[in-house]
Amino acid sequence: MHKGFPANLRRLVHHYPSTSRAAEALGINRQQLNKYLSGLSMPSLATLRNIAAHFDLEPDDLLLPADRFAARWRPPMRIEGLPPRMRQAVAALLENMAQTRSTLSRFCGCYHVCIPLRTNPDRIGRAYTVISQEGDLTLVKTIMFATSRGELPGSRQPIKIDGIAQWLGERIYITDTQNVGQPNARLQSIALYPPALPSMPFLTGLLMTTNNARTRPIYSSPIVFKRLAGKKPKKADIEACGVFYRDDPRLDPAMIALLDGGSSSL
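Per UniProt numbering, the very first residue in the sequence shown carries number 1; after that it's consecutive.
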């Protein structure tokens, strides 16, 4: 009944550096895993569920005919041609993203993001961020408007920033870049705490950013993400971004309070 299972499992295990590494990641004895791979043995239902969950699959997916399974499962990304040490580092990041994909999926959605402006602490910048997943990758796209007082968000071209998220140590880490290779290039790192209660809409943390320009040194700032209703971007939410004074009624007082509370404990 389950003749497709060994081939499907071999396809999954093939993306680990070795059978030993796969067995360790799956929490299975290596000798037992080899029996599954060769078709000499079938896992218990509990083990089958654990294997499926590890790869973000359903148990029935593992029992599909090999051709149907190949169409169902998307293998993790690989980066070829790197030096061995760099390849190991990138592989470890990709593997972590694959293993924590289901955890990060809880945070997929649309957000308003607020941060104090370093050049003017009386003002708050509000951006729009979408967290989504493609395969094993958790992607972060941010749109922001560098508006001045009295300007509407649409009066300037939006700044678009792409990043990637990792789940490590009960925190979300986001790394994004902007204008790489240009004089105004920027690299940002964000560490976020998930909410204490699932019903809370806020992610709080710390942003650290650096610029190519020598006049703009590395600095850090508290940052707050507020989850918005719905799973698809809304034009009104994007247009609500820009630069505001702290006492502007359009800003959420709860976000301002969280910003003023700081994130030094990170």
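Even glycine gets a Cβ: it sits at the ideal position worked out from N, Cα and C.
Computed from a predicted model, the values in this text were never measured in an experiment.
From what residue to what residue does the beta strand (DSSP E) around alanine 165 run?
-> 159-168
Run of the beta strand (DSSP E) containing leucine 228, from where it starts to where it stops | The continuous stretches of beta strand (DSSP E) do not include leucine 228, and DSSP gives it neither H nor E.
Using DSSP with H/G/I as helix, E/B as strand and the rest coil, what is aspartate 237?
-> helix
Helix, strand or coil for leucine 45, going by three-state DSSP, please let me know.
-> helix
With a Cβ-Cβ cutoff of 8 angstroms, do isoleucine 131 and glycine 109 count as a contact?
-> yes
Write down the C-beta distance between tyrosine 111 and cysteine 241 rounded to the nearest angstrom, noting that I regard them as a contact closer than 8 angstroms.
-> In fact, because the Cβ distance is near 11 angstroms, the residues do not count as touching under 8 angstroms.
CB-CB length for asparagine 8 against leucine 48, believed under 8 angstroms = No, asparagine 8 and leucine 48 are not in contact; Cβ-Cβ is about 11 angstroms, not under 8 angstroms.
Roughly how many whole angstroms lie between the Cα atoms of leucine 93 and serine 221?
-> Their Cα atoms are separated by approximately 26 angstroms.
Cut-off 8 angstroms between Cβ atoms - residues of its own chain near leucine 64, not counting five sequence neighbours on either side | Gly4, Asn8, Arg72
In three-state terms, what does DSSP make of glycine 109?
-> Residue state for glycine 109 is assigned as strand, using DSSP reduced to three classes.
Under 8 angstroms between C-beta atoms of leucine 207 and glutamine 178 | No, these two residues do not count as a Cβ contact at 8 angstroms.
Using the rule of at least 16 other Cβ atoms within 10 Å of the residue's Cβ for burial, across every protein chain shown, is proline 84 buried or exposed?
-> exposed
Is the beta carbon of arginine 227 less than 8 angstroms from the beta carbon of proline 201?
-> yes
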